[in-house]
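Residue numbers (the UniProt record's numbering), protein chains in the order written: chain A, 1 to 313; chain B, 1 to 301. Heads up, the beta-carbon is just placed ideally off N, CA and C, and yes, glycines get one too. Below: the structure, in structure tokens.
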Amino acid sequence: MIQYIAKRLVQLIAVLFGVTFLTFMITQAAPSDAAQMQYISMGTIPSEELLEQTREEMGLNDPVLVQYGRWLWNVLHGDLGTSTKFSESVLTQMSRKLPMTIELAAVSGVIMVLIAFPLGILSAVKKNKWIDYLIRFLSFFGISMPNFWLGLLLMYVFAVRLGWFHVVSTNDIAGIVLPVATLTIPMVCTYVRQIRAAVLEELNSNYVVGARSRGISERRIIFGHVLPNALLPIVTLIGLSVGHLLGGAAIIETLFSWQGIGNMVVEAIRVRDYPLIQGYVIWMAVIYVMVNLLVDIMYRLLDPQIRLRKKVD
Amino acid sequence: MGQASEEKGAVIHRYKEWKRHGRKALLKPAMTKKGKWLRFIIFAILALAVLFIAFLGPVLAPYDPLATDYGASLSPPSPEHWFGTDNVGRDVLSRILYGAGNSFSLTFIMVAAVSVIGTLIGMVSGYFGGILDTIIMRFTDILLAFPDTVFAIAVVGMIGPGLLNTILALSLVWWTKYARLTRGLASVMRSKDFIIQAKFGGVKTPGILFRYILPNVLPQVVVTMTLDIGGMMLSLAGLSFLGLASQPPTPEWGYMLYEGKSYLQTAPWIMLFAGLAIFITVLVFNLLGDSLRDILDPKEE
Chain A
1 MIQYIAKRLV
11 QLIAVLFGVT
21 FLTFMITQAA
31 PSDAAQMQYI
41 SMGTIPSEEL
51 LEQTREEMGL
61 NDPVLVQYGR
71 WLWNVLHGDL
81 GTSTKFSESV
91 LTQMSRKLPM
101 TIELAAVSGV
111 IMVLIAFPLG
121 ILSAVKKNKW
131 IDYLIRFLSF
141 FGISMPNFWL
151 GLLLMYVFAV
161 RLGWFHVVST
171 NDIAGIVLPV
181 ATLTIPMVCT
191 YVRQIRAAVL
201 EELNSNYVVG
211 ARSRGISERR
221 IIFGHVLPNA
231 LLPIVTLIGL
241 SVGHLLGGAA
251 IIETLFSWQG
261 IGNMVVEAIR
271 VRDYPLIQGY
281 VIWMAVIYVM
291 VNLLVDIMYR
301 LLDPQIRLRK
311 KVD
Chain B
1 MGQASEEKGA
11 VIHRYKEWKR
21 HGRKALLKPA
31 MTKKGKWLRF
41 IIFAILALAV
51 LFIAFLGPVL
61 APYDPLATDY
71 GASLSPPSPE
81 HWFGTDNVGR
91 DVLSRILYGA
101 GNSFSLTFIM
111 VAAVSVIGTL
121 IGMVSGYFGG
131 ILDTIIMRFT
141 DILLAFPDTV
151 FAIAVVGMIG
161 PGLLNTILAL
171 SLVWWTKYAR
181 LTRGLASVMR
191 SKDFIIQAKF
201 GGVKTPGILF
211 RYILPNVLPQ
221 VVVTMTLDIG
231 GMMLSLAGLS
241 FLGLASQPPT
251 PEWGYMLYEG
261 KSYLQTAPWI
271 MLFAGLAIFI
281 TVLVFNLLGD
291 SLRDILDPKE
301 E
């Protein structure tokens, strides 16, 4: 197990290395470089000579790999540069906005699991009954619904028409309801189908047939045997859902003016605040990769086939 | 004694099972082959109908989608303007019909492009294996380390908003899905008898790739493509909605929603109908993809 974690950590470092390289390289594709942006943010148009001088000072004339090395060194020391728009460090910006995004993602994630699990299991157990058809039918609607449209509809009905919530989200319980609903509904629909498939696969396996033929009650089969086994693929699903939660945040946060990093990056793109965009991408990738590593480790801990093999060894 | 009662319990259980599900359940699979095809044909006709409307959009549209009429701005749905008008008095129905062509052609071109590129790379990677395979797969690992649309947002953010940049950004991420799918299939097939025999029979590498491996990965690729149409349309519309893809005044569904957002209180019909158009289209293609998967990939049964 320790060996496995060590191996995965090495892979993780390699992937994160690639992530930083890719992020740095797409910055190189930007139409204006850091020297130009500095003057633009000051509101002046520099002469070509001055621009060239600044480039030299900032090290922009060095080979790309040298620049990357220098940048990576700074990133590893927690220095992601200075936001051109807010003239404060990217790290300060991020540390203020990130908790908001994590709050939204965590609440949505928990609610998603609490709804998707029972529905998925119910749908599998009652396969081809009316309740299964109803759940599958509704989940198809949810999957096909653009989340930004869902958000607008919820906003129109509950904020504009009924006046239960404010159109612009406030940072309290009432303010988080609509963003969470918008984020959760499509995900519940996706995962209900996958949980159903995972449970069905277990239900069709030989040990269930064996248990049934031995007269073990259906309830004991499902809660005692099928669910613990179906939990494994579902754990992986939860890891993947983090990607949806973080990626979807940009749209949802913009829609509800939620002051998280998704909202921040859309604003940063409008004003071409490159360091801020860089910071966003790297942080998102780091969080996502870390969560998936944790999920994989948990998977190993939960899987009796792997856990028991260790004992035999 | 104990054993006998256990057996008795089993018999009773089987009897209950039989009573619950009936003989029909034991004899008939959940859905017949004919039923699957019927479902597929119904959704295919629906999808064609949507496509038909999309490409006839300019003919069907009652108004010029760009013609402004300030006298009739923000008017609710009426017999003259079925879906109402927007803030400068443009007819929402006409804009949706014109926008359909844009949204569709873009989605199709992108799905076609990423699937062809991804499939080719995946086949080569899986069939040859070795160092090339390792490099390609590690590269996809890195791309997959970015959650969901984050990488696309970053690329658009760096090279600037615009339609072309959005296409580039989404393609950069999306091909990996097809590459990983076909790579997995191709690397399994590499050691199958029919490939080895073909090799001994003197078939050259391109022949093996295109005549032996491609036909075997194609069903899965086609299913994925059909299911991706909805996903791609949602991604494109999502980026437009953030104001990153399409530039006004081109009618495009995602951007119409973005515009409609500002008039949520005074003219909800703008966002209502534009969103409905996306929703119906994605729904139809998701259902089509799902029914196609049931026919081509009968794993679930």
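Burial state of residue i (16 or more Cβ within 10 Å)
{"i": "residue 165(B)", "result": "buried"}
{"i": "residue 37(B)", "result": "exposed"}
{"i": "residue 226(A)", "result": "buried"}
{"i": "residue 62(B)", "result": "exposed"}
{"i": "residue 248(A)", "result": "buried"}
{"i": "residue 76(B)", "result": "exposed"}
{"i": "residue 77(A)", "result": "exposed"}
{"i": "residue 202(A)", "result": "buried"}
{"i": "residue 24(B)", "result": "Its pLDDT being 47, under 50, residue 24(B) is placed unreliably by the model, and the measurement read from it follows with that caveat. Exposed, because fewer than 16 other Cβ atoms sit within 10 Å of the Cβ of residue 24(B)."}
{"i": "residue 57(A)", "result": "exposed"}
{"i": "residue 140(B)", "result": "buried"}
{"i": "residue 29(B)", "result": "In this prediction, residue 29(B) has a pLDDT of 49, which is less than 50 and means its spatial position is unreliable; what the coordinates show is noted afterwards. Exposed: under 16 other Cβ atoms inside 10 Å."}
{"i": "residue 21(A)", "result": "exposed"}
{"i": "residue 3(B)", "result": "At residue 3(B), the pLDDT of 49 sits below 50, so the modelled position is not reliable and the matter cannot be decided from this model."}
{"i": "residue 27(B)", "result": "Note that residue 27(B) scores a pLDDT of 43, beneath 50, so its modelled location is shaky; the value from the coordinates is reported in the next line. When all chains shown are included, residue 27(B) counts as exposed."}
{"i": "residue 127(B)", "result": "buried"}
{"i": "residue 90(B)", "result": "buried"}
{"i": "residue 7(A)", "result": "exposed"}
{"i": "residue 149(A)", "result": "buried"}
{"i": "residue 319(A)", "result": "For residue 319(A) there is no data in the structure shown, the boundaries of chain A being 1 and 313."}
{"i": "residue 74(A)", "result": "exposed"}
{"i": "residue 15(A)", "result": "buried"}
{"i": "residue 155(A)", "result": "buried"}
{"i": "residue 280(A)", "result": "buried"}
{"i": "residue 9(A)", "result": "exposed"}
{"i": "residue 282(B)", "result": "buried"}
Chain-ordered neighbours of residue i on chain B, where CB pairs are closer than 9 Å
{"i": "residue 34(A)", "result": "Simply none; closest approach about 12 Å."}
{"i": "residue 140(A)", "result": "283, 286, 287, 290"}
{"i": "residue 274(A)", "result": "157, 158"}
{"i": "residue 277(A)", "result": "153, 154, 157, 158"}
{"i": "residue 160(A)", "result": "264, 265, 268"}
{"i": "residue 156(A)", "result": "264, 265, 268, 271, 272"}
Amino acids of chain A, ordered along the chain, whose beta-carbon sits closer than 9 Å to that of residue i
{"i": "residue 275(B)", "result": "145, 146, 148, 149, 150, 152, 153"}
{"i": "residue 156(B)", "result": "269"}
{"i": "residue 257(B)", "result": "146, 148, 149, 152"}
Reference residue i, options the options, closest by Cα
{"i": "residue 101(B)", "options": "240(B), 265(B), 208(B), 251(B)", "result": "251(B)"}
{"i": "residue 282(A)", "options": "94(A), 166(A), 159(A)", "result": "94(A)"}
{"i": "residue 239(B)", "options": "46(B), 160(B), 120(B)", "result": "160(B)"}
{"i": "residue 52(A)", "options": "65(A), 34(A), 289(A), 69(A)", "result": "34(A)"}
{"i": "residue 241(B)", "options": "193(A), 120(A), 126(A), 254(A)", "result": "254(A)"}
{"i": "residue 110(B)", "options": "97(B), 44(B), 168(B)", "result": "168(B)"}
{"i": "residue 258(A)", "options": "235(A), 179(A), 229(A), 241(A)", "result": "179(A)"}
{"i": "residue 181(A)", "options": "107(A), 235(A), 87(A)", "result": "107(A)"}
{"i": "residue 191(A)", "options": "80(A), 48(A), 242(A)", "result": "242(A)"}
{"i": "residue 97(B)", "options": "270(B), 54(B), 83(B)", "result": "54(B)"}
{"i": "residue 107(B)", "options": "233(B), 265(B), 280(B)", "result": "233(B)"}
{"i": "residue 158(A)", "options": "289(A), 256(A), 43(A)", "result": "256(A)"}
{"i": "residue 113(A)", "options": "212(A), 24(A), 187(A)", "result": "187(A)"}
Under 8 Å by beta carbon: chain B residues contacting residue i
{"i": "residue 31(A)", "result": "159, 160"}
{"i": "residue 125(A)", "result": "Near residue 125(A) there are no residues of chain B at all, since even the closest Cβ is about 12 Å away, more than 8 Å."}
{"i": "residue 246(A)", "result": "147, 148, 150"}
Under 7 Å from the C-beta of residue i: neighbouring residues of chain B
{"i": "residue 166(A)", "result": "In chain order: nothing, as chain B lies at least about 13 Å away."}
{"i": "residue 342(A)", "result": "There is simply no residue 342(A) to check, as chain A begins at 1 and stops at 313 in what is shown."}
{"i": "residue 243(A)", "result": "147, 148"}
{"i": "residue 285(A)", "result": "145, 146"}
{"i": "residue 289(A)", "result": "145"}
Positions along the segment 125–153 of chain B whose CB lies within less than 8 Å of some CB in chain A: 138, 139, 141, 142, 143, 145, 146, 147, 148, 149, 150, 151, 153
Cβ-based contacts, 9 Å cut-off: residues of the segment 262–288 of chain B near chain A: 264, 265, 268, 271, 272, 274, 275, 276, 278, 279, 280, 281, 282, 283, 284, 285, 286, 287
Start-end ranges of the beta strand (DSSP E) lying completely within the segment 130–174 of chain A, minimum 3 residues: DSSP assignment within the segment 130–174 of chain A yields no whole beta strand (DSSP E) run of 3 residues or more.
Where the segment 224–248 of chain B meets chain A: residues whose CB sits under 8 Å from a CB there: 230, 234, 237, 238, 241, 242, 243, 244
Interfacial residues, the segment 250–270 of chain A to chain B, with Cβ spacing under 8 Å: Correct list: 250, 251, 254, 255, 265, 266, 268, 269, 270.
In chain order, each beta strand (DSSP E) run of at least 3 residues that lies wholly inside the segment 52–83 of chain B: Inside the segment 52–83 of chain B, DSSP marks no whole beta strand (DSSP E) run of 3 or more residues.
Ordered list of alpha helix (DSSP H) runs contained in the segment 100–188 of chain B, each at least 4 residues: Counting only runs of at least 4 residues, the segment 100–188 of chain B fully encloses the following alpha helix (DSSP H) elements, listed from N- to C-terminal order: 130–144, 150–159.
Interfacial residues, the segment 5–20 of chain A to chain B, with Cβ spacing under 7 Å: 15, 18, 19
Entirely enclosed alpha helix (DSSP H) segments - the segment 193–235 of chain B, minimum 4 residues: 193–200
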